[in-house]
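Notes follow once the structure below has been shown.
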Ligand SMILES: NC(=O)c1ccc[n+]([C@@H]2O[C@H](COP(=O)([O-])OP(=O)(O)OC[C@H]3O[C@@H](n4cnc5c(N)ncnc54)[C@H](OP(=O)(O)O)[C@@H]3O)[C@@H](O)[C@H]2O)c1
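Here is the structure:
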């Protein structure tokens, strides 16, 4: 089946949260969701960048409702920021889906740590999203439960409506499948290793989340998606959102055979978030691996290894102090569907 965000299902009445909304794939995912009628909580760590991105959506989608986007300040590298942002989102009611997109793509050359004491790339890309998804689990379960017993609110994320979380992985996990035995890279730090390990951890946690959600019969699906190779220089210029230099446009266009725009790179992420046919535990990406229309794929073996994932889950729980409320989310769903 072909996929085009101009023919998304009608998302009127749906609410999504996107991390890293102010630029790149996150921005375009928000724009595509708004075009389909969804209300989108756009989050970013910097208020001015967030305002610029919301203004761009107002310009580019002039028919959107005035409240089509809502702002939320969220720094995924800071666990205090994650907790307070999640509390604010829970206070806004049920959440149909969260796109765990924010990330450091160009890791620092030398190891750096966050205010919480964690290696910054692992913290930003994996730990912050693990904490956020756990803190939002009951809000996501409410969306699944609100669909009612005939709404397909099963844990598979099949034909009906379920809460959905989408984790953003990367092809780099197949290129250099490091085993993240030392995910904080206390020894042997390199920028590439830090990035790849953070993405392996992200995907492994996404698949592990789905196994655990099924085990507890929580009506939330966890899906992993990746954007292939998507560059700013092959992406439309948008004031305040994507303003590549001429040199970047030139060099990125030299890679046209491999690379696509971030607008297209957002397609598999949005499909994973909204397509009713997508199931929890699946992996979605562009057709050729690096570019093209979204399709279901096989994730790197290391990300599918349950032993690696269980180890990472323990690391993430200890590092963040967040225990996912599986039982509460499952019970909330049962309670709502029987009333
Ligand atoms: N582009 C690709 O080819 C590719 C391939 C595989 C995977 N990915 C993944 O896709 C995701 C988005 O990548 P992209 O290409 O769109 O990158 P991008 O253009 O650099 O955008 C990254 C976004 O994440 C935000 N961010 C970074 N650190 C943050 C933090 N601590 N708290 C909150 N937001 C933060 C950035 O905000 P600021 O503007 O404030 O920095 C920005 O909005 C990443 O997870 C990346 O690993 C991308």
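Numbering (this note's numbering), first residue to last: 29 to 367. Cβ atoms here follow ideal geometry from the backbone N, Cα and C, with glycine treated the same way.
For this session: Quick one: grab the DSSP three-state call for residue 76.
Result: Along the chain shown, one-based indexing puts residue 76 at 48. In the structure shown, residue 76 sits in a helix (DSSP, three-state: H, G or I).
Problem set entry | Between the CA atoms of residue 259 and residue 279 - distance to the nearest angstrom | The residue given as residue 279 occupies position 251 in the chain shown. The residue given as residue 259 occupies position 231 in the chain shown. Answer to the nearest angstrom: the Cα atoms are 10 Å apart.
Exercise. Thinking C-beta only, is residue 230 closer than 7 Å to residue 197?
Worked result: On the chain shown, position 169 is the one that residue 197 refers to. On the chain shown, position 202 is the one that residue 230 refers to. In contact: residue 197 and residue 230 (Cβ atoms closer than 7 Å).
For this session: Please list the segments of the beta strand (DSSP E) lying wholly inside the stretch 82-151, counting only runs of 3 or more residues, in order along the chain.
Result: 97-101 and 125-128
For this session: Quick one: measure Cβ to Cβ for residue 253 and residue 190, integer angstroms, because I've assumed they're closer than 8 Å.
Result: Here residue 253 is taken as the residue at index 225 of the chain shown, counted from 1. Here residue 190 is taken as the residue at index 162 of the chain shown, counted from 1. Actually they are not in contact, since the Cβ atoms of residue 253 and residue 190 sit about 16 Å apart, beyond 8 Å.
Exercise. Under three-state DSSP, which class holds residue 50?
Worked result: On the chain shown, residue 50 is found 22 positions in, with the first residue counted as 1. If DSSP states are grouped into helix, strand and coil, residue 50 belongs with coil.
Problem set entry | Spatial neighbours of residue 182 in its chain, beta-carbon cut-off 6 Å, leaving aside the 5 residues before and after | In the chain shown, residue 182 corresponds to position 154, counting from 1. Any reading at residue 182 needs caution, since the residue's pLDDT is 36, under 50, leaving its predicted position unreliable; the model's value is listed next. Answer for residue 182: no residue qualifies.
Problem set entry | Length of the line joining the Cα atoms of residue 135 and residue 277 | The residue you call residue 135 lines up with position 107 of the chain shown. The residue you call residue 277 lines up with position 249 of the chain shown. Going by the C-alpha atoms only, they are around 22 Å apart.
For this session: Give the straight-line distance between the Cα atoms of residue 103 and residue 300, rounded to the nearest whole angstrom.
Result: Taking the chain shown and counting its residues from 1, the one referred to as residue 103 is at position 75. Taking the chain shown and counting its residues from 1, the one referred to as residue 300 is at position 272. Residue 103 and residue 300: Cα-Cα distance of roughly 23 Å.
For this session: Return the chain-ordered ranges of every beta strand (DSSP E) run that is complete within the stretch 300-358 and spans a minimum of 3 residues.
Result: 311-314 and 322-325
Exercise. Just how far apart, CA to CA, sit residue 232 and residue 296?
Worked result: Here residue 232 corresponds to residue number 204 of the chain shown, with the count starting at 1. Here residue 296 corresponds to residue number 268 of the chain shown, with the count starting at 1. The alpha-carbon atoms of residue 232 and residue 296 are separated by roughly 18 Å.
For this session: Give the straight-line distance between the Cα atoms of residue 156 and residue 32, rounded to the nearest whole angstrom.
Result: One-based indexing of the chain shown puts residue 156 at position 128. One-based indexing of the chain shown puts residue 32 at position 4. Distance between the alpha carbons of residue 156 and residue 32 is about 30 Å.
For this session: Report the partner residues of residue 191 according to the DSSP bridge assignment.
Result: Start at 1 with the first residue of the chain shown, and residue 191 comes out as number 163. According to DSSP, which records beta bridges pairwise, residue 191 is partnered with 248.
Exercise. Three-state secondary structure (DSSP) at residue 282?
Worked result: Taking the first residue of the chain shown as 1, we reach residue 282 at position 254. If DSSP states are grouped into helix, strand and coil, residue 282 belongs with coil.
Problem set entry | Cβ pair count under 8 Å reaching 3, the stretch 85-97 against the stretch 115-131 | Touching, no, given that fewer than three Cβ pairs across the two stretches are closer than 8 Å.
Exercise. Can you name, in chain order, every residue of its own chain whose Cβ lies under 8 Å from the Cβ of residue 115, other than the five neighbours on each side?
Worked result: Reading the chain shown from its first residue, position 87 is the one you call residue 115. Contacts found: 163.
Exercise. Which whole-angstrom value describes the C-beta separation of residue 268 and residue 80, a residue pair presumed to lie in contact below a C-beta threshold of 8 Å?
Worked result: Taking the first residue of the chain shown as 1, we reach residue 268 at position 240. Taking the first residue of the chain shown as 1, we reach residue 80 at position 52. That pair is a contact at about 3 Å.
Problem set entry | Contact under 7 Å by Cβ, residue 107 with residue 353 | Translated into the one-based positions of the chain shown, residue 107 becomes position 79. Translated into the one-based positions of the chain shown, residue 353 becomes position 325. No, Cβ-Cβ distance for residue 107 and residue 353 is not below 7 Å.
Exercise. Any idea if residue 238 is buried or exposed, counting beta-carbon neighbours within 10 angstroms, 16 or more meaning buried?
Worked result: As a working mapping, residue 238 is identified with position 210 in the chain shown. So residue 238 ends up on the buried side.
Exercise. Any idea what DSSP makes of residue 40, helix, strand or coil?
Worked result: Here the question's residue 40 lines up with position 12 in the chain shown. Here residue 40 sits in coil by DSSP.
Exercise. Do the stretch 137-153 and the stretch 80-91 touch if we need at least three Cβ pairs shorter than 8 Å?
Worked result: Judged by Cβ distances under 8 Å, the stretch 137-153 makes no contact with the stretch 80-91, as fewer than three pairs qualify.
Exercise. On the three-state DSSP scale, how would you describe residue 253?
Worked result: Residue mapping note: residue 253 aligns to position 225 of the chain shown, counting from 1. Note: residue 253 maps to strand in three-state DSSP.
Exercise. Looking at residue 43 and residue 67, is the spacing between their C-beta atoms short of 7 Å?
Worked result: To locate residue 67, count along the chain shown from 1; it is residue 39. To locate residue 43, count along the chain shown from 1; it is residue 15. Yes, they are a contact pair.
Problem set entry | Beta-carbon proximity of residue 329 to residue 219, cut-off 7 Å | Position 301 of the chain shown, counted from the start, is the residue given in the question as residue 329. Position 191 of the chain shown, counted from the start, is the residue given in the question as residue 219. Cβ distance not < 7 Å, so residue 329 and residue 219 don't count as in contact.
Exercise. If you measure from the CB of residue 131, is any heavy atom of ligand 1 nearer than 6 Å?
Worked result: Translated into the one-based positions of the chain shown, residue 131 becomes position 103. Within the cutoff, so yes.
Problem set entry | First and last residue of the uninterrupted alpha helix (DSSP H) at residue 238 | The residue given as residue 238 occupies position 210 in the chain shown. Segment 219-243, the alpha helix (DSSP H) holding residue 238.
Exercise. In terms of DSSP beta bridges, what is residue 45 paired with?
Worked result: On the chain shown, position 17 is the one that residue 45 refers to. For residue 45, which the question treats as bridged, DSSP gives the partners 69 and 126.
For this session: Would you mind stating whether residue 171 and residue 360 have Cβ atoms separated by less than 7 Å?
Result: Locating residue 171 in the chain shown gives position 143, counting from the first residue. Locating residue 360 in the chain shown gives position 332, counting from the first residue. For residue 171 and residue 360, no; Cβs fall outside 7 Å.
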